[in-house]
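The structure appears below as structure tokens.
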Amino acid sequence: MSAPFVIAVPAKGRLQENAEAFFARAGLPLSKPRGARDYRGAIGGLPEVEVAYLSASEIASQLAQGAVHMGVTGEDLLREMIPDADARVVLIEGLGFGFANVVVAVPQAWIDVRTMADLDDVATAFRLRHDRKMRVATKYINLTRGFFASHGIVDYRIVESAGATEGAPAAGTAELIVDITTTGTTLAANGLKVVDDGTMLRSQANLVAARNANWGDAERNIARRILDRIAARARAQACREVRTRFPGCNDALLTQAKEKFGVVAPFGGPTSSGMLTLHCPPGAVHELASFMREHGAQSITVAEIEYVFAPDNPLYARLTSGLIG
3 MSAPFVIAVP
13 AKGRLQENAE
23 AFFARAGLPL
33 SKPRGARDYR
43 GAIGGLPEVE
53 VAYLSASEIA
63 SQLAQGAVHM
73 GVTGEDLLRE
83 MIPDADARVV
93 LIEGLGFGFA
103 NVVVAVPQAW
113 IDVRTMADLD
123 DVATAFRLRH
133 DRKMRVATKY
143 INLTRGFFAS
153 HGIVDYRIVE
163 SAGATEGAPA
173 AGTAELIVDI
183 TTTGTTLAAN
193 GLKVVDDGTM
203 LRSQANLVAA
213 RNANWGDAER
223 NIARRILDRI
233 AARARAQACR
243 EVRTRFPGCN
253 DALLTQAKEK
263 FGVVAPFGGP
273 TSSGMLTLHC
283 PPGAVHELAS
293 FMREHGAQSI
303 TVAEIEYVFA
313 PDNPLYARLT
323 SGLIG
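Okay, here's the thing in structure tokens:
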């Protein structure tokens, strides 16, 4: 491999903290061997991998160009900055942090505007009354154009927002906005409401691969090793290990446990001594324990699992399928 395998992660703030915690949980600790201020890092145990610390928007740009192999960034930035995103990147996995919705928000005083169809009517009436189009303040120019076009709205013009977008209507620089929100509190504080069908994208941080990066055998092997650990961690979080001595267990009881509680017997049925190991969804552990005791199981132990490695890896399959497509 002539060049390092590069993973781009956010350079600061909560996104960086969450990304580092995510990789650490998967047994992929990030570090900065040359100091905290350096913008290049490494992953423990994978010397072939280089970590690039960039802004979220730079990560999206680098992924689009194929300058990095993988990156962690929000889907909102990918969809906004890369018009043909699905042809340029592969969204491998949502990471469970960095949640934000891209929404259309109008003044609360517009009591008759509840849907995008209502907004279309208002936009037409506004143009006829004022001889100009309504202004939409936003940083999401491409997403806004696509979403408004899908609802047949043409009587508007975009005012590119350089600051706090939610303040534009009150400042008189726009009639409505398109912006990101998590709870809607800031919008409400600025006298705005989200249109009922005005959520154009539910975004979160994603692990993303660049289709145009170099994906030779060596790079694919590194990706598989990384995604193996991430998938193993995800499997482990979805279950608890339940162990017991259960001499009276038979195929019928095991089948009943699988059907009622969603358990898996990763090593088959009970051993000759009656020892049984099951993987059970966390929410069903107590009911499973009661069921097994009612049928003669002895002492039952429950433990969290760090990793569950399996023959299949849906994340790597998603990557390779995306690269072929």
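Numbering-wise, the sequence shown is residues 3 to 327 according to my numbering. We put the CB at the ideal spot given by N, CA and C, even for glycine.
Query                                                                                                                 : Result
Residues of its chain near T117, where Cβ-Cβ distance is below 7 Å and the 5 sequence neighbours each way are ignored : V197, D198 and D199
Inside the segment 118-148 only - alpha helix (DSSP H) runs reaching at least 4 residues                              : 118-132
C-beta contact flag for L65 and V210 at 8 Å                                                                           : yes
Identity of the residues DSSP links to Y158 by a beta bridge                                                          : M136
CA nearest to the CA of A139, picked from A44, R147 and D122                                                          : R147
V70 versus G15: straight-line alpha-carbon distance, rounded                                                          : 21 Å
Residue-level contact to chain B via CB, Q206, 8 Å cutoff                                                             : Of the protein chains in the structure, only one exists, and it is not chain B.
C-beta contact flag for P12 and A21 at 8 Å                                                                            : yes
Touching by the beta-carbon criterion (3+ pairs, under 8 Å), the segment 214-225 and the segment 275-291              : no
Cβ-based neighbour list, D114, same chain, cut-off 8 Å, excluding 5 preceding and 5 following                         : D120 and V124
Those residues which DSSP pairs with F7 across a bridge                                                               : V51
Backbone CA spacing between V180 and I45 [nearest angstrom]                                                           : 38 Å
Contact check, R42 vs E52, beta carbons under 8 Å                                                                     : yes
Buried or exposed by the 16-neighbour rule on C-beta atoms within 10 Å, applied to T257                               : exposed
Cβ-based neighbour list, D157, same chain, cut-off 6 Å, excluding 5 preceding and 5 following                         : A125, T126, R129 and K135
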